[in-house]
Structures are given as structure tokens and as C-alpha cells.
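What follows is a set of notes on a single structure, which appears directly below.
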Amino acid sequence: MDLLSKEKYDINDLVEIVKILRSPDGCPWDKVQTHETIRKDFIEEVYEAVEAIDEKDTEHLREELGDVLLQVVFHSVLESEQHHFTFDDVTDEISRKMIIRHPHVFGDINAETTEEVLKNWDEIKMQTHSQKTVSEAMDSVSKTLPSLMRAEKLQKKAKRGGVYLQSADEVFDDINNKLEALKSVISVGDSELQQEKVGELLFSVVKLSGITNTDCEQSLYNACEKFTEQFKVYENAAVQKGVNIQDSDTDVTNQLWKEISKKEKLEEI
959 MDLLSKEKYD INDLVEIVKI LRSPDGCPWD KVQTHETIRK DFIEEVYEAV EAIDEKDTEH
1019 LREELGDVLL QVVFHSVLES EQHHFTFDDV TDEISRKMII RHPHVFGDIN AETTEEVLKN
1079 WDEIKMQTHS QKTVSEAMDS VSKTLPSLMR AEKLQKKAKR GGVYLQSADE VFDDINNKLE
1139 ALKSVISVGD SELQQEKVGE LLFSVVKLSG ITNTDCEQSL YNACEKFTEQ FKVYENAAVQ
1199 KGVNIQDSDT DVTNQLWKEI SKKEKLEEI
């Protein structure tokens, strides 16, 4: 197959290209890579694709999806070299999974709402993974997820076992209790205990996502973007006042922030 003369490439060509790069006469860099050495690359490519989605940049998204696909193919080729599985096995397995997880489309199960679809999905997932308990389902949640996302997923699964604060008042009470506990350990000065209590407080705050039907990870992302923009306003105002915020006394910069916040209607840091 002459790859150089093709007018348009498909997924099979991409698999072949990676195999050639990995061959003895291939690329010195590609042929020494392992799952572990390109693990970080996989994560970065996914984040870059997500950024393209956020920016609503179609051309950028097309490029980044290609980079993500390359990672999938590369890892599959690494496994095929060990005679474990091939890229075709990957596509076969995900195709079968999608058919099995959508009995309301490919079978005779009725699901009229997204809630019913998700309920069926979770039940089928537990069955196919031989998960008999809620704890087993919770153990299946990836530990490498961003902690906010992991906490949200764990709480959703715990809901099946009846361990979930249903009302907003109960959630706020729980948050206040965790906050008071944190205040107590801060006064003691135990760093390990402080870290533990901060984690418990954050975990309780995540419960608000179930009450408000919001995405905690996205909510914090939006807050970070908002804070960054507000800080730019503050920094520009400081420059106009002749204040170097990096060298000035904290009391001076805090007072300046308050003045600018009041004038520009910014929020407190």
C-alpha cells in the first residue's frame, strides 16, 4: 500500500502509519514509546480537545480529535505488538457495549426520558461488570478523575444505597457542620487534620450539585474564568494608580482590591 499517493486517509491507514512508525526502520522516538511514556500526552490531548469545544472552534476541534484518536490507535498498536488485542478489538468491544447499553434503541426496553436511559445504563453497567453491590460500583469510579468529578460520581452511586442528603437544608447544615469542624482544627494547628477537614468540606459542597442539578467541575471552571477576568480589572486599575501589586504590602493591595471591587462591582477574593 502506497501511503504517500493516497488522496484521503481512513482509520485503517492511521493504524498502518503507527505500525510503520513503530517498526525497526521507523521513527527513533515512536518505536521506543510505551503506555507509560505517552500517558501524559493522552491526558493533554483530551484537555486540548475540550478547550476547542469550549472555544467553539470547529477547525481546532477537528485537529484535536485527530490527536486524541492517534493516542487511542497508538495504545492499541502497543497492545497488538504483545498479541493482547488490536484496534479492531477495541472498536468491536465499544460497538457491542453501545448496543447492550441501549436496549431502548436496539431492544424492546422502553425509556422515554433521559433519567430512564441513565437508570438503565447504570443497571446494565453493574450487570456487565458483575457488580453486585453499590460499593463495587463505587470502586469502579476511576481514581485518576479530577477530584470534583470523582466526588460527584461517588455521591450519585451512593444515592442508590440511600446515603444521600435529599433536601437543600440538610446539605447546608452538613456544610456548616464541616465548616465548624475545620475552624476547630485550624485553631489547633494540626496540618494533617486540617487537610482532612478541608477535603470533607469540599466533599459536602459537591453535594450541592445533586440539589441544584449542576456540574461541579464546570461550575468551578466558570468561577476560575470569572476570577481571572476580575483580577485583570484589578491589576489594570492598580497600574493606573501607580501601585505594583507584586511588591506592595498586603494591607495596601487588599485595601485596593476592596476599593476597586466596590467601584467595578467585583466579588470578594
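The C-terminal position of the sequence shown is numbered 1227 in my numbering, with every residue numbered one higher than the one before it. Glycine included, C-beta positions come from ideal geometry on N, C-alpha and C.
- Cβ-Cβ separation between D1025 and E1006: approximately 7 Å, consistent with a contact (criterion under 8 Å).
- Counting along the chain, S1093 sits inside the alpha helix (DSSP H) bounded by residues 1092-1097.
- Between Q1029 and D999, the CB-CB gap stays under 8 Å.
- In the three-state DSSP reduction, P1061 falls in the helix class (H, G or I).
- Under the three-state reduction of DSSP, E1003 is assigned to helix.
- Comparing C-alpha distances from L1112 to each of P1061, V1092, I975 shows the shortest one belongs to V1092.
- A distance below 6 Å between beta-carbons, with the five flanking residues on each side excluded, links E1037 to the following residues of its chain, in chain order: F1043.
- For C1174, the CB contacts under 6 Å within the same chain, skipping 5 residues up- and downstream, are L1106, E1110, V1164, S1167 in chain order.
- Taking the CA atoms as reference points, Q991 sits about 14 Å from I978.
- E1193 is a Cβ neighbour of I1203, given a cutoff of 8 Å.
- About 13 Å separates the Cβ atoms of S1053 and F1045, ruling out a contact at the 8 Å cut-off.
- Cβ neighbours of M1096 within its own chain (closer than 8 Å, five residues either side excluded): L1112, K1115, A1116.
- Close CB contacts of H1018 within its chain, under the 6 Å cut and outside five residues either way in sequence, are with A1010 (chain order).
- For I1067, there is no enclosing alpha helix (DSSP H), as DSSP gives it neither H nor E.
- F1189: member of the alpha helix (DSSP H) spanning 1174-1198, first to last residue.
- Where D1025 is concerned, the enclosing alpha helix (DSSP H) starts and stops at 1016-1039.
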